[in-house]
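Protein chains in written order, with my numbering: chain A, 1 to 345; chain B, 1 to 345. Glycine is no exception: its CB is placed at the ideal position from the N, C-alpha and C atoms.
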DNA sequence: ACCGTATACGAAAACGGTTTCGTGTTGATA
DNA sequence: TATCAACACGAAACCGTTTTCGTATACGGT
């Protein structure tokens, strides 16, 4: 077992000082040509690599960024993560991921673990519980310590920091307009219980579109489903007893489930009833019929968040210009597929 | 901006030595009761937390584990990751993820980045390119340095380390047996080009089941698809020109795509043709009809890998008992759903 | 012979902890 | 009163780097 070699080993072996070795390996002008060559050759031979931890301690910069997301087995968060990871890696940063599992306590614990020197900055989407509790002290503590923070998707106005979001309201508005334009009038909304997270904004867009076209806003046309649990019966009941010709769903899972229910009851998609979902993932592309859905551009969001964070990190070290926090808005786009094909007869 | 407080600050403020502060915060018997209380109170007031990096440098242990996977936007890897993350977090470890993107070079670079002190051990699944190249020197270097390594799912016999795999051959065998038992005789296999990765083993199980039941093994009944690219036409042609009453697919994406093609051509699933896929993910649960598939228990795999790794890490520090490497096999299980319901008439 | 100045290198501090090994003070004991 | 242990704390080394500053040597110029 070849243990890792250090500057000290090289110094001892070649009978020079540690500082000489360090400088030689950086090709410093201070060191004689022959000494440099000798040291560099030796270092290459023994495959010397500087110890990251020691460098971190010295520089007070770890080249790590911390990502805290509510769930990793979730298409949207996963794509965002990929965007973050790619950009960060290109810039020489590593990514430490923690999953809050929608729990406030886990979010707090994870942040505290990482905030003590392990990372140079945070990228995160708030846990559901955190949004309900409306308690953001853990975030504030971190920013007060001068650790850069970028929130994405699930953000809050209570914390001053950079943010990346999509134009949920507008996207939902456009989607519903599209449904209306194809002749649909009885448009339902399937959303999460309590309009958690971004669902509220999507609902607003839905309302705006209806209003603009003088269509009635009917609470009875809104189905609220629990976030992760099954609720087949509730959905079946909803679609059985109503006359509906189009549905906007706040995610693709709800959309695909509902399409299944509707189809099993003998109706045809999109002929009798059209569907649009949010999150353009693998489900949308492979369902039958394929599902029209709003692409949230997760990868771009991740990349944007990472860029903003790394800029802050690398500028932070400079002087105290007035802190400026930005909110970037990524435009969601509707991807049309079979579930909205054609107009209502 | 409240900067992080250090032992030195506390020592200076309370006019004691750094060592006294360090011991007092560890509640050492060496320090007088009143001094301890004073120091602890001060530390709590200013919310002192030891710097992780400094501790890592001293202890030569980072409490970080490195995870390298080929793809993060992939249900199976994601579930494995969740298993790793949960177990590791419980044990006080953080997880650094790098995505190799199926590329040999990225895998090498990522490993080298992390191996220089950033992590205490690796968990990884090999990149496709690495498997093709059959070059595992980066893995060997890491293990020679005494860094523990656990491979999962995509493993190799060329590296001596702990491994976690599923019984792919047996699972495929059982799946095909099930198809045969329900009266199916013309069973096709849909696999990845070149039988990459674990596909080869699944094909073996398929062959064994056919052989055992004296069914012909016909290369013409095997469809090889490129890994990530679309190949609708090839698949359509395959199903159009053959008489097939059951299909085993090496992943759920292929299965759902093929089900779609078959259904659009007017055949019924499972009445005319049954389907079984691998990877029991969201697609299997939400496709129409729902797809029977082999659950690889990703979360359990991840947890197992993390447990094995952390055991090695924490034992490693002890003495040099003879290294023992284990290969744990997780039993995959077939989850039956609508796509295999009932027997062939 | 003296001074100045490159040249080439080493000593030491610093990053923020932990830990070993003193050591000054106190009180009890002989 | 001298001795000694117990107590309470500090000095210093160490982890592996980087970086500033100091200095020995040699050499050229006068």
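Going by beta carbon distance, what residues of the same chain come within less than 6 Å of residue i, once the five residues before and after it are set aside?
i	result
residue 326 of chain A	162
residue 85 of chain A	95
residue 297 of chain A	330
residue 152 of chain A	125, 164, 301, 305
residue 83 of chain A	299, 302, 303
residue 100 of chain A	68, 70, 106, 107, 127
residue 154 of chain A	125, 126, 197
residue 72 of chain A	99
residue 408 of chain A	Lying outside 1 to 345, the shown extent of chain A, residue 408 of chain A is not represented and no answer is given.
If I follow the unbroken alpha helix (DSSP H) through residue i, where does it start and stop?
i	result
residue 168 of chain B	168-181
residue 12 of chain B	7-14
residue 261 of chain B	252-264
residue 105 of chain B	104-115
residue 82 of chain A	75-90
residue 35 of chain B	33-45
residue 54 of chain B	52-59
residue 129 of chain A	128-133
residue 284 of chain A	282-286
Closer than 8 Å by beta-carbon distance: list the chain A residues that pair up with residue i, in chain order.
i	result
residue 286 of chain B	253, 256, 257, 260, 283, 287
residue 240 of chain B	Ordered by position in chain A, no residue passes the 8 Å Cβ test against residue 240 of chain B, which lies about 18 Å from the chain.
Which stretch, first to last residue, makes up the beta strand (DSSP E) that contains residue i?
i	result
residue 208 of chain B	Premise fails: residue 208 of chain B lies in the alpha helix (DSSP H), 199-212, not in any beta strand (DSSP E).
residue 19 of chain B	Unbroken run through residue 19 of chain B is the alpha helix (DSSP H), 18-25; no beta strand (DSSP E).
residue 235 of chain A	Premise fails: residue 235 of chain A lies in the alpha helix (DSSP H), 232-240, not in any beta strand (DSSP E).
residue 97 of chain A	94-99
residue 142 of chain A	Not the beta strand (DSSP E): residue 142 of chain A falls in the alpha helix (DSSP H), residues 137-144.
residue 64 of chain A	64-69
residue 151 of chain A	149-152
residue 191 of chain A	187-192
residue 246 of chain A	246-249
residue 276 of chain A	274-278
Excluding the five sequence neighbours on either side, which residues of its own chain have a C-beta within less than 7 Å of the C-beta of residue i, listed in chain order?
i	result
residue 338 of chain A	270, 289, 290
residue 238 of chain A	223
residue 157 of chain A	none
residue 93 of chain A	63, 64, 65, 310
residue 25 of chain A	39, 40, 43
residue 175 of chain A	248, 276, 294, 334
residue 336 of chain B	292
Which bits of chain B does residue i rub up against, with CB to CB less than 7 Å?
i	result
residue 49 of chain A	116
Ordered along the chain, which non-local residues of its own chain (more than five positions away) have a Cβ less than 8 Å from that of residue i?
i	result
residue 148 of chain A	120, 121, 122, 161, 162, 309, 312, 313, 316
residue 118 of chain B	62, 64, 66, 96
residue 89 of chain A	95
Along chain A, in chain order, which residues have C-beta atoms closer than 7 Å to that of residue i?
i	result
residue 2 of chain B	144, 145
residue 62 of chain B	53
residue 113 of chain B	94
residue 263 of chain B	288
Identify which residue in the options has its Cα closest to the Cα of residue i.
i	options	result
residue 204 of chain B	B:232, B:222, B:88, B:173	B:173
residue 69 of chain B	B:47, B:53, B:127	B:127
residue 132 of chain B	B:19, B:105, B:75	B:105
residue 166 of chain A	A:47, A:30, A:202	A:202
residue 210 of chain B	B:185, B:292, B:65, B:100	B:185
residue 261 of chain B	B:109, B:283, B:232	B:232
residue 322 of chain A	A:248, A:146, A:49, A:268	A:146
residue 276 of chain B	B:42, B:234, B:190, B:219	B:190
residue 193 of chain A	A:254, A:175, A:139	A:254
residue 227 of chain A	A:249, A:115, A:56, A:9	A:249
residue 217 of chain B	B:225, B:243, B:188, B:234	B:188
residue 113 of chain B	A:51, A:244, A:207	A:51
residue 45 of chain A	A:29, A:10, A:169	A:10
Chain B partners of residue i, CB-CB under 9 Å?
i	result
residue 57 of chain A	51, 53, 54, 56, 57
For the region 320-336 of chain B, enumerate the residues whose C-beta is nearer than 8 Å to any C-beta of chain A, in chain order. none
Interface residues of the region 68-95 of chain A facing chain B [CB-CB below 9 Å]: 71, 72, 73, 74, 75, 78, 79, 81, 82, 85, 86, 89, 92, 94, 95
Report the residues of the region 94-109 of chain B with a CB closer than 9 Å to any CB of chain A, ordered along the chain. 94, 95, 96, 97, 98, 99, 101, 106, 109
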